[in-house]
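Here is the structure we will look at.
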Amino acid sequence: MIGRLLRYFGVRDLSRTGDDAGRVRTISVVTPSYNQAEFLGLCLSSVSSQSVRPVEHLVYDPGSSDASRSIAADADGVTLIAEPDEGQADAVARGMHEAKGDVIAWLNSDDEYADSGVFRSVLDRFNEPDAPDIVYGRAVYVDAAGETTREAYVNRRPATLVEKLSHEVGIVQPTVFLRRRVIEQIGTPDPSLHFAMDYEYWIRAARAGLKFAFVDRVLAKARYYEENKTLGKRGESYAEIATVVERHYGFLDERWARRWAEFEIEGLDGVLKHAGNSESDAEAIDRETARLLSAHNSGYWARQRLSDEGFAPAVRTAEAMRELGLSTDQICKPVEPETPSGNGWLCYTVADQRWAFRSSWVQAQMLRTEEALERIRSARRSETCVIVGNGPSLNETDLSLLDGTDVFCSNYAPLNGELFERATYLAVVNNLVAEQGASDFNRLRGVTKLFPYWLGYCIAPDEDTYFFKSVGKPEFSTDLLKNVSWRHTVSFFHLQLAYGFGYRRVALIGFDHSYRQQSGIKEGAVIEQDSEDQNHFDPRYFKGKKWHAADVDNMEAMYRLAKSAYEADGREIVNATVGGHLELFDRADLAEFLAGDAAIAHGRGERGWTRTRSGSHQHWCSPKPDSGR
């Protein structure tokens, strides 16, 4: 208890021996557990059978519905912490903070140590003269029955980790042991991650200059089977890996992109089934690799990193992109605030940064958009569409009513799979949304994506993406080739697009038109959201992200401009939101409004048709303010 209080107030417990004297003597084991009773007993016994007994084995279980809790509670030397948590990384973090050993081990409930001498070997390595911060070793993969499938790949040269972690993991998580000071220096695993929290932790440790040491013996059995989280959701795992690599290295290495492509095309998991032991469609994999590299490496900052000739993985990735027919040239650059357009550059200020875009690139994108407009207009299902805000009321809306209707979505709408599978269009106009979600937006397929051209510093051109001239003036444009104002909200952008695409009847849903934010905060101020998001349909919407404070009065002023333009041309906008506070437009029941569209189509002898799409919903895991509402 005293030691815990001292740590709480940031004071080292000088009564402890071991780590403080440079030597380590004790090990704490932390195990996150959830519904893996069939393996938990083996996990626990592999710890209790060690020749050097751990000082404690902390098992965190948030509420298993199988026998996991009783197994842990009855096991000798185990402390069961039966309390809710926010996921595996959160459980591990709690254990790391609570552990009192000189060395901390993290062993998942479906893994186990290889033999009874593991802890002895690890302690001996920690106590060698170089006193490493982190020790890891070899591992074997075993299946659900415990049969060895193969030895895991491990990077045996710790000195190369900073470079090699850019394109491989090379460390098997249950073999890792770390000194307490590691936690004090770099913290605990990132709780926002679900698949790559260990990989991200190794990168963080290596880039912080912590000393790794490799023990050339098998330390652990890592279980890899169909129900395993990493194998069972390999596509989501690769997406999260890409996020981690971009965060720390600034680009996606071509080797990660190729492994991901092999999974998407052939189902290769990169562990048990990979290109080395399986037949594959090389051309299809090349195309998918190129698509992924374009999605992740087209932004300004990624291309800057790829131009670093002193970092071999960047050089290799840039060469691979060019071989696949992708350009690595910059289409824009940051410039000083007062820089005028001219000399082949078109300038626009986005938030606090002024950007110069190559005029030739902008012109090419505008021409492509102009050529696409007639195709978009002719592809309309009818003259009716629905524009979706992202307010909490969406959770009270029957989204099945959207079937057969053209739907405009925005921002992080893909978080709601039921909504996004019905999306026709997706738009983003806010720089923070675009920057924080760029790779996810770039990977989306099967939906027409619409952006201001000045988001081209992070949004990649592709076959589904169209850029528009977009200056934030307080004006409603009826000509999409002149200007599509983003002012105050993406919904204003949407209303102009819907008008320009030829829709005459528009229903709004999810327009709650209210925000919980700091009182008196100015529109456009940047808010860093640590807690769950209460302003949108999903608590993850802005959690862990930055967003701009909103002003509903300014939004409503833009809606008035839209209302006037629609009414002047005999068109209508209705508010079919469940509840909410937007009363500018006439209220309507969504089902009745859409039924009215069907009646109109029938009266004109028009036939409805159903659009099919594939590959549209990829994995997810914010100019001035826009909320998506």
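Numbering (our numbering), first residue to last: 2 to 630.
Glycine residues also receive a C-beta, built at the ideal position from the N, C-alpha and C atoms.
In this text, all values refer to a predicted model and were calculated from it rather than measured experimentally.
Outcome for residue i when other beta-carbon atoms lying within 10 angstroms are tallied against a minimum of 16
i: D75; result: exposed
i: G236; result: exposed
i: D353; result: exposed
i: A240; result: buried
i: P453; result: buried
i: S238; result: buried
i: A160; result: exposed
i: N417; result: buried
i: P175; result: buried
i: L427; result: buried
i: H489; result: buried
i: Q497; result: buried
i: E607; result: Its pLDDT being 44, under 50, E607 is placed unreliably by the model, and the measurement read from it follows with that caveat. Per the 10 Å Cβ criterion, exposed.
i: H582; result: exposed
i: P130; result: exposed
i: R205; result: buried
i: K470; result: buried
i: R323; result: exposed
i: S66; result: exposed
i: D407; result: buried
Nearest candidate by alpha-carbon position, reference residue i, set the options
i: N412; options: A197, N391, T425; result: N391
i: E87; options: L481, L194, I204, E201; result: L194
i: V53; options: F120, A94, A90; result: F120
i: E397; options: M556, D112, L591; result: L591
i: L81; options: L59, A100, M559; result: L59
i: S49; options: I28, E39, R292, E337; result: I28
i: F494; options: V472, H514, D513; result: V472
i: F252; options: M556, M559, N344, H297; result: H297
i: F40; options: L179, D554, L427, R224; result: R224
i: E339; options: I332, Y349, C333, G345; result: Y349
i: E372; options: L482, E533, W548; result: L482
i: V143; options: D116, V485, L162, D112; result: D112
i: E169; options: A243, K101, N536, D480; result: A243
i: A558; options: R572, G511, L585; result: L585
i: L542; options: R139, G438, E573; result: What sits at residue 542 in the sequence shown is Tyr, not Leu. Among R139, G438, E573, the Cα nearest to that of Y542 belongs to G438.
i: P335; options: K523, Y301, A315; result: Y301
i: E337; options: T385, V56, A357; result: A357
i: N432; options: P475, V491, V408; result: V491
i: W203; options: I172, K474, V216, F215; result: I172
i: G571; options: D309, V507, V579; result: V507
i: R382; options: C333, L595, Y467, G457; result: L595
i: R588; options: G597, D598, V575; result: V575
i: P55; options: D77, A38, G42; result: D77
Opposing strand residues paired with residue i [DSSP bridges]
i: T32; result: V60
i: N576; result: L509, R588
i: K546; result: Q530
i: Y114; result: A221
i: A106; result: V30, F178
i: C410; result: L427
i: W356; result: P335, Y349
i: K450; result: L427, T466
i: F215; result: Y137
i: V143; result: T149, R224
i: C386; result: D407, V507
i: L243; result: It should be pointed out that residue 243 corresponds to Ala in this sequence rather than to Leu. Per DSSP, none; premise fails for A243.
i: A83; result: D62
Nearest-angstrom beta carbon gap, residue j and residue i [assumed within contact, 8 Å]
i: T329; j: R304; result: 6 Å
i: A145; j: Y226; result: 4 Å
i: N36; j: S71; result: Not really, about 13 Å apart at Cβ, beyond 8 Å.
i: L445; j: L420; result: So it is not a contact: roughly 13 Å between Cβ atoms.
i: P393; j: D531; result: No, P393 and D531 are not in contact; Cβ-Cβ is about 19 Å, not under 8 Å.
i: A461; j: N443; result: 4 Å
i: A90; j: D254; result: With 8 Å as the limit, A90 and D254 do not qualify as a contact, their Cβ atoms being about 23 Å apart.
i: V25; j: V93; result: With 8 Å as the limit, V25 and V93 do not qualify as a contact, their Cβ atoms being about 20 Å apart.
i: S34; j: A73; result: 6 Å
i: C333; j: Y458; result: 5 Å
i: A207; j: L179; result: Contact flag wrong, Cβ pair sits at about 12 Å.
is_contact[residue i, chain C] using C-beta, thresh 8 Å
i: E185; result: No chain C is part of this structure, which consists of one protein chain only.
For this session: Say whether the region 181 to 191 touches the region 97 to 107, bearing in mind that this needs 3 or more beta-carbon pairs closer than 8 Å, one atom from each stretch.
Result: Segments in contact, yes.
Exercise. Is the region 214 to 226 close to the region 112 to 131, with three or more CB pairs under 8 Å?
Worked result: Touching, per the Cβ criterion.
Exercise. Quick check: the region 444 to 458 against the region 554 to 568, are there 3 or more CB pairs under 8 Å?
Worked result: The answer is no - the region 554 to 568 does not touch the region 444 to 458, with fewer than three Cβ pairs under 8 Å.
Exercise. Do three or more CB pairs link the region 255 to 264 to the region 286 to 301 at distances below 8 Å?
Worked result: Short answer: they touch.
For this session: Spell out a yes or no on whether the region 203 to 211 and the region 124 to 142 are touching, meaning 3 or more CB-CB pairs, one atom from each, closer than 8 Å.
Result: Touching, per the Cβ criterion.
Problem set entry | Sufficient close CB pairs (3 or more, under 8 Å) joining the region 518 to 535 to the region 545 to 556 | As far as the Cβ criterion goes, the region 518 to 535 touches the region 545 to 556, which means the pair count is three or higher.
Exercise. Quick one: any contact between the region 377 to 392 and the region 356 to 366, if contact means 3 or more CB pairs under 8 Å?
Worked result: The region 377 to 392 vs the region 356 to 366: no contact.
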